[in-house]
Amino acid sequence: MLDELLRRVVSHTPETLDSDRRFPEAAVLVPVTRSEQPELILTLRASGLSTHGGEVAFPGG
1 MLDELLRRVV
11 SHTPETLDSD
21 RRFPEAAVLV
31 PVTRSEQPEL
41 ILTLRASGLS
51 THGGEVAFPG
61 G
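First residue of the sequence shown: 1, per the UniProt record's numbering; consecutive thereafter.
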């Protein structure tokens, strides 16, 4: 399963989209474990945050 995921990521051709100058460019890292069944690593944002509090997110997001 992980090998198939890696194959698809490596062979993917990115598309260039028109940018919206109101928003900064951003990227997301999707951490995947190397185990028998690959798993995503997620965090739970603190409920007291002013934006997106209590939501599940990728680490650093």
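By construction, the Cβ of each residue, glycine as well, lies at the ideal position given by its N, Cα and C atoms.
| Asked | Found |
| --- | --- |
| Identify, in the order they occur along the chain, each residue of the same chain with its Cβ nearer than 8 angstroms to the Cβ of G54, setting aside the five sequence neighbours on each side. | L44, R45, A46 and S47 |
| Skipping 5 residues on each side, what residues in its chain have a beta carbon closer than 6 angstroms to that of T33? | E39 |
| From F23 to M1, what does the alpha carbon distance come to, in whole angstroms? | 35 angstroms |
| For V56, does the three-state DSSP call read helix, strand or coil? | strand |
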